[in-house]
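> I am attaching a structure below and will ask some questions about it afterwards.
In our numbering, the protein residues as written are 1 to 164.
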């Protein structure tokens with residue numbers, strides 16, 4: 001139990017640090033609302049090294065803490081929608097074992113953007129926000145691929161490490 005709490009604290013801190021780094025170095029590719037999603041590297045890694053429940057708990061904790069520290073209530077709402085949807089999709093694909101970590105991460109990036117877009121449509125009460133979907137699909141694919149490639153390399157190096 002002590003190890004589990006310690007690992008959870010380390011991963012939460014690491015995800016928050018990555019979230020903070022993204023606020024310092026905005027990598028938005030010139031597209032409003034698009035970020036690399038560095039903190040998702042930690043989430044994907046935890047999903048692969050532990051289980052869905054641990055990754056979900058970490059994701060929700062990170063979103064809430066980062067929202068209070070770096071954002072606002074709306075950023076928490078958007079991030080929770082995207083984070084939970086992407087985690088559900090990534091877990092489903094991971095369990096099928098027919099997708100690589102890169103494919104799973106790409107699906108996570110795309111579904112994260114879809115989750116946030118759905119919330120945006122509900123908040124502004126118009127479907128016209130949905131016209132932004134093609135841009136977000138491309139962005140989610142690219143950022144998901146980058147995170148997936150990095151995660152694959154990290155997972156290779158920690159293959160023998162047990163996290164819980």
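All C-beta atoms in this analysis are idealised placements derived from N, C-alpha and C, irrespective of residue type, glycine included. Quick caveat, the model's predicted, so the values are computed rather than measured.
Which whole-angstrom value is the C-beta distance of residue 34 and residue 15, which I expect to be below 8 Å?
What you label residue 34 is simply residue 34 of the chain shown in a count that begins at 1. What you label residue 15 is simply residue 15 of the chain shown in a count that begins at 1. With 8 Å as the limit, residue 34 and residue 15 do not qualify as a contact, their Cβ atoms being about 19 Å apart.
> Inspect the CB distances between the segment 140-155 and the segment 91-104 and report whether three or more fall short of 8 Å.
Taking 8 Å as the limit for Cβ pairs, the verdict is that the segment 91-104 does touch the segment 140-155.
> I'd like the list of long-range same chain contacts for residue 64, defined as Cβ closer than 7 Å, with 5 residues on each side in sequence excluded.
Position 64 of the chain shown, counted from the first residue, corresponds to residue 64. Taken in chain order, the residues that qualify are 76.
> So the alpha helix (DSSP H) residue 116 belongs to, where does it begin and stop?
Taking the first residue of the chain shown as 1, we reach residue 116 at position 116. Start and end: 101-124.
> Are residue 115 and residue 73 close, meaning C-beta to C-beta below 7 Å?
The residue labelled residue 115 in the question sits at position 115 within the chain shown. The residue labelled residue 73 in the question sits at position 73 within the chain shown. Cβ distance not < 7 Å, so residue 115 and residue 73 don't count as in contact.
> Is it buried or exposed for residue 126, if we count other Cβ within 10 angstroms and need 16 for buried?
Residue mapping note: residue 126 aligns to position 126 of the chain shown, counting from 1. The residue in question, residue 126, is exposed, as its Cβ has fewer than 16 Cβ neighbours within 10 Å.
> What residue range does the alpha helix (DSSP H) around residue 32 cover?
By one-based count along the chain shown, residue 32 stands at place 32. Careful: residue 32 lies outside any alpha helix (DSSP H) and carries neither H nor E.
> If you count every other CB in all the chains shown that lies within 10 Å of the CB of residue 140, and 16 or more means buried, which is it?
Here residue 140 refers to the residue found at position 140 of the chain shown. Its Cβ being crowded by 16 or more others within 10 Å, residue 140 is buried.
> Quick check: what's the CA-CA separation for residue 4 versus residue 50?
Looking up residue 4 in the chain shown gives position 4. Looking up residue 50 in the chain shown gives position 50. If you take the alpha carbons of residue 4 and residue 50, they lie about 10 Å apart.
> Between which two residues does the alpha helix (DSSP H) harbouring residue 72 extend?
In the chain shown, residue 72 corresponds to position 72, counting from 1. Looking at the DSSP string, residue 72 is not in any alpha helix (DSSP H), and its letter there is neither H nor E.
> With a CB to CB cut of under 7 Å and the five nearest residues on each side skipped, what residues in its chain are close to residue 45?
Numbered from its first residue, the chain shown carries residue 45 at position 45. Around residue 45: 151, 154 and 155.
> Can you tell me where the alpha helix (DSSP H) holding residue 19 begins and where it ends?
What you label residue 19 is simply residue 19 of the chain shown in a count that begins at 1. Taken as a continuous stretch (DSSP letters only), the alpha helix (DSSP H) holding residue 19 covers 2-24.
> Measure from the alpha carbon of residue 198 to the alpha carbon of each residue in 23, 94 and 106, then state which is nearest.
The first residue shown for the chain is 1 and the last is 164, placing residue 198 beyond what the model contains.
> List the whole-angstrom C-beta distance separating residue 133 from residue 122, where the pair is believed to meet the contact cut-off of C-beta under 8 Å.
As a working mapping, residue 133 is identified with position 133 in the chain shown. As a working mapping, residue 122 is identified with position 122 in the chain shown. No, residue 133 and residue 122 are not in contact; Cβ-Cβ is about 15 Å, not under 8 Å.
> Output the boundary residues of the alpha helix (DSSP H) element that contains residue 130.
Taking the first residue of the chain shown as position 1, residue 130 is located at position 130. Looking at the DSSP string, residue 130 is not in any alpha helix (DSSP H), and its letter there is neither H nor E.
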